[in-house]
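With the first letter of the sequence shown counted as 1, position 188 gets the number 686 in the working numbering; the numbers rise by one all the way through. Positions of the beta carbon are idealized from the N, C-alpha and C atoms, including for glycine. Owing to the predicted nature of the structure, the values given are computational and were not obtained by experimental measurement.
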Amino acid sequence: MKIAVIGAGAMGLRYGVLLQEAGNDVQFVDTWKPNVEAIRKNNGVKVWRDGENLHKVEIKVYYPEEYRDVPDLAIVFVKDMHTEEIMERCKHFIGEKTYVLTNQNGIGGAEAIAKFVDKERIIAGTAIIASVMKGPGEVDFIGKRGSGSLNIVKMTDKPDAFIYRVAEEMKKARMNPTVQTDYKGTVWTKLLFNSVVNTLCTLMGITMGQFAAYKNAESLTRRLVYEGYDAAEADGIKPELDRDALVDQIMYASKYGNPLHYPSMYQDMTTNRPTEVDYINGAIVRTAEKHGLKAPYHSLLVDLVHLKEQSRHYNDQ
499 MKIAVIGAGA MGLRYGVLLQ EAGNDVQFVD TWKPNVEAIR KNNGVKVWRD GENLHKVEIK
559 VYYPEEYRDV PDLAIVFVKD MHTEEIMERC KHFIGEKTYV LTNQNGIGGA EAIAKFVDKE
619 RIIAGTAIIA SVMKGPGEVD FIGKRGSGSL NIVKMTDKPD AFIYRVAEEM KKARMNPTVQ
679 TDYKGTVWTK LLFNSVVNTL CTLMGITMGQ FAAYKNAESL TRRLVYEGYD AAEADGIKPE
739 LDRDALVDQI MYASKYGNPL HYPSMYQDMT TNRPTEVDYI NGAIVRTAEK HGLKAPYHSL
799 LVDLVHLKEQ SRHYNDQ
């Protein structure tokens, strides 16, 4: 399969490198100049696995305007707020038969892609996989090979032959995919997961394991999850797991799955980039308000994250 990965960051590199190693023709498209130039200078990307086993993987990377192939599949891994902009720059190589896959963290990425691609050719989903950029052209894959899992789902819900082709290539890459049949239920499950660990770990500057070690972590998780579920259910959305099962999943992933991991929002916060809080906790607040509900816990977290974003400027003074 010919694949273009749009966004050669931590997750884009992980997906692309694994799919390339599984035998696919993978090329990368990125806009971050230091990253593109570092990869080109090194003729590849430097890859660690849990901070060890440093090795180079040869990959090809292009700026959007340079890439001229027409891929079978484009995988979008940029921050939600940049999706429409990057799709505008990449639309020239999205063919009439090209499918576009996104496993972004928040809500809104697939809807932005739908301005450029028919919904029948959009695959969304979620990933329980962690990776960290160590610097331009350098990435650390967290977890042993074959660890983690992901869900993929057509934006129109009903699977077709192509999504099963994608799943088969992901199986070869040991990415452990599952094809789902409920778009909103699938993406909201991960949204609710991220609304807890991504946001709280960012505010406190701690790993998932350090969060889980707090004596009231489960109670805090339950309050946020229940409030998020109220908003989802008011909107007619049924997440993949029930409330308590998701609380259990969050605690298990934090204690045992990725206890040393700093979530992606924390990585954005510490590198002076805008966070995706408006597309995660903010999406829950907007959905609740649409139905006359309140989401005070999530609303407070949105304000606290934005306050912390602003406070970074004071640290530079």
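(message) Just to confirm the assignment: which complete beta strand (DSSP E) runs, minimum length 3, are found wholly within the region 673-743?
(response) At a cut-off of 3 residues, the continuous stretches assigned as beta strand (DSSP E) that sit fully inside the region 673-743 are 675-677.
(request) Work out the CA separation of VAL800 and ASP733 for me, nearest whole Å. (result) Start at 1 with the first residue of the sequence shown, and residue 733 comes out as number 235. Start at 1 with the first residue of the sequence shown, and residue 800 comes out as number 302. Cα to Cα, the separation comes out at about 21 Å.
(request) Taking 8 Å as the threshold, find out whether the region 693-707 comes into contact with the region 750-764 through three or more Cβ pairs. (result) The answer is yes - the region 750-764 touches the region 693-707, with three or more Cβ pairs under 8 Å.
(request) Report yes if the CB atom of VAL568 is closer than 8 Å to the CB atom of PHE591, and no otherwise. (result) Translated into the one-based positions of the sequence shown, residue 568 becomes position 70. Translated into the one-based positions of the sequence shown, residue 591 becomes position 93. Yes, they are a contact pair.
(message) Nearest by alpha-carbon distance to TYR795: which of MET767, ASP548, THR697 and TYR754 is it?
(response) Position 297 of the sequence shown holds residue 795. In terms of CA proximity to TYR795, THR697 leads the group MET767, ASP548, THR697 and TYR754.
(message) Classify ARG566: buried if its beta carbon has 16 or more other beta carbons within 10 angstroms, exposed otherwise.
(response) Numbered from its first residue, the sequence shown carries residue 566 at position 68. With fewer than 16 other CB atoms across the displayed protein chains lying within 10 angstroms of its CB, ARG566 is exposed.
(request) Could you check the C-alpha separation between GLY707 and MET767 for me, to the nearest Å? (result) To locate residue 707, count along the sequence shown from 1; it is residue 209. To locate residue 767, count along the sequence shown from 1; it is residue 269. Distance between the alpha carbons of GLY707 and MET767: 19 Å.
(message) I need the DSSP call for PHE639, collapsed to helix, strand or coil.
(response) Counting from 1 along the sequence shown, the entry for residue 639 is found at position 141. DSSP, reduced to helix, strand and coil, places PHE639 within a strand of the structure shown.
(request) Report yes if the C-beta distance between ILE627 and ILE661 is below 8 Å; otherwise report no. (result) For this step, residue 627 is matched to residue 129 along the sequence shown. For this step, residue 661 is matched to residue 163 along the sequence shown. No, these two residues do not count as a Cβ contact at 8 Å.
(request) Please confirm if TYR795 has its CB atom under 8 Å from at least one CB of chain C. (result) Structure shown: chain C not included; a single protein chain is present.
(message) Just to confirm, is the Cβ distance from VAL615 to VAL637 under 8 Å?
(response) Residue mapping note: residue 615 aligns to position 117 of the sequence shown, counting from 1. Residue mapping note: residue 637 aligns to position 139 of the sequence shown, counting from 1. Taking the C-beta atoms as reference points, VAL637 is found no nearer than 8 Å to VAL615.
(request) Could you tell me which uninterrupted alpha helix (DSSP H) segments, each at least 4 residues in length, are contained entirely in the region 524-596, listed from first to last along the chain? (result) The DSSP assignment places complete alpha helix (DSSP H) segments of no fewer than 4 residues inside the region 524-596 at 531-540 and 581-588, in order along the chain.
(message) Once the 5 residues before and after ASN674 are set aside, which same chain residues still bring their CB inside 6 Å of it?
(response) Your numbering for residue 674 matches position 176 in the sequence shown. Residues SER647 of the same chain have their beta carbon placed closer than 6 Å to that of ASN674, with the five preceding and five following residues left out of the count.
(message) Taking the alpha carbon of TYR712 as the reference point, which residue from GLU564, VAL695, GLY726 and TYR561 has its own alpha carbon closest?
(response) As a position in the sequence shown, residue 712 is number 214, starting the count at 1. Sorting GLU564, VAL695, GLY726 and TYR561 by C-alpha distance to the C-alpha of TYR712 places VAL695 at the top.
(message) Does GLY790 come out as helix, strand or coil in the three-state DSSP assignment?
(response) Counted from its first residue, the sequence shown places residue 790 at position 292. Here GLY790 sits in coil by DSSP.
(request) Under 8 Å Cβ to Cβ from SER752, same chain only, skipping five residues before and after it: list those, please. (result) Translated into positions along the sequence shown, residue 752 becomes position 254. Excluding residues up to 5 positions away in sequence, VAL695, MET706, GLY707, PHE709, ALA710 and ALA715 lie with their Cβ nearer than 8 Å to the Cβ of SER752 in the same chain.
(request) Pair every Cβ in the region 719-727 with every Cβ in the region 737-749, then say whether three or more of these pairs are closer than 8 Å. (result) Counting Cβ pairs under 8 Å, three or more are found: they touch.
(request) Locate the alpha helix (DSSP H) running through ILE611, then write down its first and last residues. (result) Here residue 611 corresponds to residue number 113 of the sequence shown, with the count starting at 1. Where ILE611 is concerned, the enclosing alpha helix (DSSP H) starts and stops at 607-611.
(message) Using only the alpha-carbon positions, how far apart do ILE605 and VAL685 sit?
(response) Here residue 605 is taken as the residue at index 107 of the sequence shown, counted from 1. Here residue 685 is taken as the residue at index 187 of the sequence shown, counted from 1. Rounded to whole angstroms, ILE605 to VAL685 spans 7 Å at the Cα level.
(request) Just tell me which of ALA572, ASN601, GLY510 and ALA610 has its CA closest to the CA of GLU594. (result) The residue labelled residue 594 in the question sits at position 96 within the sequence shown. Among ALA572, ASN601, GLY510 and ALA610, the Cα nearest to that of GLU594 is on ALA572.
(message) I'd like the span of the alpha helix (DSSP H) that includes MET763, first residue to last.
(response) Here the question's residue 763 lines up with position 265 in the sequence shown. Segment 762-768, the alpha helix (DSSP H) holding MET763.
(request) Below 8 Å on the Cβ atoms is my guess for VAL524 versus VAL503; work out the distance and round it to an integer in Å. (result) Numbered from 1 along the sequence shown, position 26 holds the residue referred to as residue 524. Numbered from 1 along the sequence shown, position 5 holds the residue referred to as residue 503. Between VAL524 and VAL503 the beta-carbon gap is near 6 Å, inside 8 Å, which marks them as a contact.
(request) Identify every residue that forms a DSSP beta bridge with VAL651. (result) Numbered from 1 along the sequence shown, position 153 holds the residue referred to as residue 651. The secondary-structure analysis by DSSP pairs VAL651 across a beta bridge with ALA622.
(request) Starting from LYS617, trace the beta strand (DSSP E) both ways and give me its first and last residue. (result) Reading the sequence shown from its first residue, position 119 is the one you call residue 617. That residue, LYS617, is in no beta strand (DSSP E); it is neither H nor E in DSSP.
(request) Could you tell me which residues DSSP pairs with MET631 in its beta bridges? (result) As a working mapping, residue 631 is identified with position 133 in the sequence shown. DSSP lists VAL637 as the beta-bridge partner residues of MET631.
(request) Under 8 Å by Cβ, that's how I've got ALA671 and GLU556 pegged, so tell me the actual separation to the nearest angstrom. (result) Position 173 of the sequence shown, counting from 1, holds the residue named residue 671. Position 58 of the sequence shown, counting from 1, holds the residue named residue 556. Not really, about 17 Å apart at Cβ, beyond 8 Å.
(message) Please identify the residue among LYS558, GLY549, ILE611 and ASN603 whose C-alpha is closest to the C-alpha of ILE584.
(response) As a working mapping, residue 584 is identified with position 86 in the sequence shown. That would be ILE611, whose Cα lies nearest to the Cα of ILE584.
(message) Checking 8 Å against the spacing of the C-beta atoms, do GLY683 and VAL576 come in under that value?
(response) Along the sequence shown, read from residue 1 onward, the residue named residue 683 stands at position 185. Along the sequence shown, read from residue 1 onward, the residue named residue 576 stands at position 78. No, Cβ-Cβ distance for GLY683 and VAL576 is not below 8 Å.
(message) Could you check if ASN541 belongs to the surroundings of the ligand MG, using beta carbon to heavy atom distance under 7 Å?
(response) For the ligand MG, the structure offers nothing, since it holds no ligand at all.
(message) According to DSSP, simplified to helix, strand and coil, what is LYS806?
(response) Working through the sequence shown from its first residue, we reach residue 806 at position 308. Reduced to three states, the DSSP call for LYS806 is helix.
(request) May I ask you to report which of helix, strand or coil DSSP gives ILE504? (result) The count along the sequence shown starts at 1 and reaches residue 504 at position 6. When secondary structure is reduced to three states using DSSP, ILE504 falls in the strand class.
(request) Using alpha carbons as the reference points, say which of GLU666, GLY726 and THR679 lies closest to LYS656. (result) The count along the sequence shown starts at 1 and reaches residue 656 at position 158. For the options GLU666, GLY726 and THR679, the alpha carbon positioned closest to that of LYS656 is the one of THR679.
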